[in-house]
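Student:
There are 2 protein chains.
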Amino acid sequence: MSGTRADAGATSDAARQEVDPLALESQVCFAITRASRGIVAAYRPVLEPLHLTHPQYLVMLALWQESPLSLKELSSRLALDPGTLSPLVKRLESTGYLERTRASEDERSLAIVLTDTGRALRERAQAVPGIMRERLGMDEDDVQALHAGMMKVVELAARSEQGGPAEI
Amino acid sequence: MSGTRADAGATSDAARQEVDPLALESQVCFAITRASRGIVAAYRPVLEPLHLTHPQYLVMLALWQESPLSLKELSSRLALDPGTLSPLVKRLESTGYLERTRASEDERSLAIVLTDTGRALRERAQAVPGIMRERLGMDEDDVQALHAGMMKVVELAARSEQGGPAEI
DNA sequence: CACCAATGTTTGGTGCACAAATCCATTGTG
DNA sequence: CACAATGGATTTGTGCACCAAACATTGGTG
Chain A
1 MSGTRADAGA
11 TSDAARQEVD
21 PLALESQVCF
31 AITRASRGIV
41 AAYRPVLEPL
51 HLTHPQYLVM
61 LALWQESPLS
71 LKELSSRLAL
81 DPGTLSPLVK
91 RLESTGYLER
101 TRASEDERSL
111 AIVLTDTGRA
121 LRERAQAVPG
131 IMRERLGMDE
141 DDVQALHAGM
151 MKVVELAARS
161 EQGGPAEI
Chain B
169 MSGTRADAGA
179 TSDAARQEVD
189 PLALESQVCF
199 AITRASRGIV
209 AAYRPVLEPL
219 HLTHPQYLVM
229 LALWQESPLS
239 LKELSSRLAL
249 DPGTLSPLVK
259 RLESTGYLER
269 TRASEDERSL
279 AIVLTDTGRA
289 LRERAQAVPG
299 IMRERLGMDE
309 DDVQALHAGM
319 MKVVELAARS
329 EQGGPAEI
């Protein structure tokens, strides 16, 4: 790492004149989607013994923090479409980690609650973050820095939501 | 039981003792998938006038760099499964940006070539990187730094591919 | 009380993404 | 030449992910 931007001064004119702005390798969007797919792929063998996919793991994390959750609340915490979560939660129900009941005070909304099995799974899941840090070869500080950077990107992307269809 | 690994060395002891390692908000994997989805979402309104989805845009970038490409080559450059690309490329053919012919010297492999329309699209696409930088409010250095960080994550994730199913 | 708007969930449609199985042209090897 | 083995592409199956439309329950309001 260690920024080599020593002689950053004035864009080092000649240096970057040949760069194609449409070059695939230089696209941040490509790098970030690859990184995301790579991380999810790295989780796969670790989550597999728990019978969880990565998005399912995130749902379980949310439920371990607070258990009766509505679909809407879950959707907002995970920043995922309700239409995405609905079948996903059903799959988690069919593997036995949660139950989908209706909230007594408002029959419109779901009350998604952990089963005993789902609650018990948390013990085994405790090991996941450590295993992943080790597998990826990151220390606590790397994790912190990466997390901060990603949250900044999330922020930027969210802020840019306003812009309607661009005219090109 | 002995889990809590005490106040290990330089972990700023008291400061982070209450942190739940399974807290959703602290998961890097969550941050990175959110960031990725956010970025792709930010591209959507910009690519829509070009009738391209984000993965399709990446395919076009690859083809603008080198035009007759086989599916295998494309798959390796984009780090995407051939099974993912096959239908995607067909969709790009049906929108008229490319043609899928067979390589004359080896009838097994595809020769994916740009059509005139596909080649012409590059002109309009020139504007995309600038528009996106502006929409996201990033300057050239931000982009460089983010790109470098993501490539490092790609690297780490790729390196960790070895590890078989973890036993938890 | 009946109707209407708001809220939460579900459904349908399109498009990734990966893994495994299949198909087919090519390239050995006997 | 015949016949395996290989290698590239496609298909199939499962599971996200988003959008828009349909649906149902609530909660007003005339």
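Residue numbers (my numbering), protein chains in the order written: chain A, 1 to 168; chain B, 169 to 336.
Backbone N, C-alpha and C define an ideal beta-carbon position, used for all residues, glycine too.
Remember, predicted model here, so these are calculated numbers, not experimental data.
So, with DSSP's three-state summary, where would you put residue 121 of chain A?
Tutor: Helix at residue 121 of chain A.
Student: Could you work out which residue in B:319, B:193, B:211 is closest to residue 303 of chain B when comparing CA atoms only?
Tutor: Considering only alpha carbons, the answer is B:211.
Student: Are the C-beta atoms of residue 201 of chain B and some chain A residue less than 8 angstroms apart?
Tutor: By this cut-off, residue 201 of chain B is an interface position.
Student: Where does residue 28 of chain A land, buried or exposed, given buried means 16+ other C-beta within 10 angstroms?
Tutor: Burial call: buried.
Student: Between the stretch 200-219 of chain B and chain A, which residues of the former have CB atoms less than 8 angstroms from a CB of the latter, in chain order?
Tutor: Cβ contacts with chain A come from 200, 201, 202, 203, 204, 205, 206, 207, 208, 209, 210, 211, 213, 214, 216, 217, 218.
Student: Is the Cβ-Cβ distance between residue 110 of chain A and residue 98 of chain A less than 8 angstroms?
Tutor: No, the Cβ-Cβ distance between residue 110 of chain A and residue 98 of chain A is not below 8 angstroms.
Student: Does residue 2 of chain A come within less than 8 angstroms of chain B when only Cβ atoms are used?
Tutor: The predicted position of residue 2 of chain A is uncertain, since its pLDDT is 42 and thus under 50; no value can be drawn from it.
Student: How big is the Cα-Cα spacing for residue 329 of chain B and residue 147 of chain A?
Tutor: For residue 329 of chain B and residue 147 of chain A, the distance between alpha carbons rounds to 21 angstroms.
Student: Looking at the structure shown, is residue 113 of chain A part of a helix, part of a strand, or coil, going by DSSP?
Tutor: Here residue 113 of chain A sits in strand by DSSP.
Student: Check whether chain A comes within 8 angstroms of residue 177 of chain B, counting only Cβ atoms and requiring the distance to be less than that.
Tutor: Bear in mind that the predicted position of residue 177 of chain B carries a pLDDT of just 42, short of 50, making it too unreliable to give a figure here.
Student: Quick check: is the beta carbon of residue 303 of chain B nearer than 8 angstroms to any beta carbon in chain A?
Tutor: True, the Cβ-Cβ gap to chain A drops below 8 angstroms.
Student: Does residue 280 of chain B have its Cβ less than 8 angstroms from a Cβ in chain A?
Tutor: Chain A contact via Cβ: absent.
Student: With a threshold of 8 angstroms between beta-carbons, can residue 147 of chain A be considered close to chain B, or not?
Tutor: True, the Cβ-Cβ gap to chain B drops below 8 angstroms.
Student: Please compile the residues from chain A whose C-beta is within a distance smaller than 7 angstroms of the C-beta of residue 335 of chain B.
Tutor: Going along chain A in sequence order, the residues near residue 335 of chain B (Cβ under 7 angstroms) are 49.
Student: Quick one, are the C-beta atoms of residue 200 of chain B and residue 138 of chain A less than 8 angstroms apart?
Tutor: Cβ atoms of residue 200 of chain B and residue 138 of chain A: not closer than 8 angstroms.
Student: Contact criterion: CB-CB distance below 8 angstroms. Does residue 328 of chain B meet it with respect to chain A?
Tutor: Residue 328 of chain B counts as touching chain A.
Student: Grouping DSSP H, G and I as helix and E and B as strand, with all else coil, what is residue 108 of chain A?
Tutor: Coil, per DSSP.
Student: Taking 8 angstroms as the threshold, find out whether the stretch 215-224 of chain B comes into contact with the stretch 84-101 of chain A through three or more Cβ pairs.
Tutor: Not touching, per the Cβ criterion.
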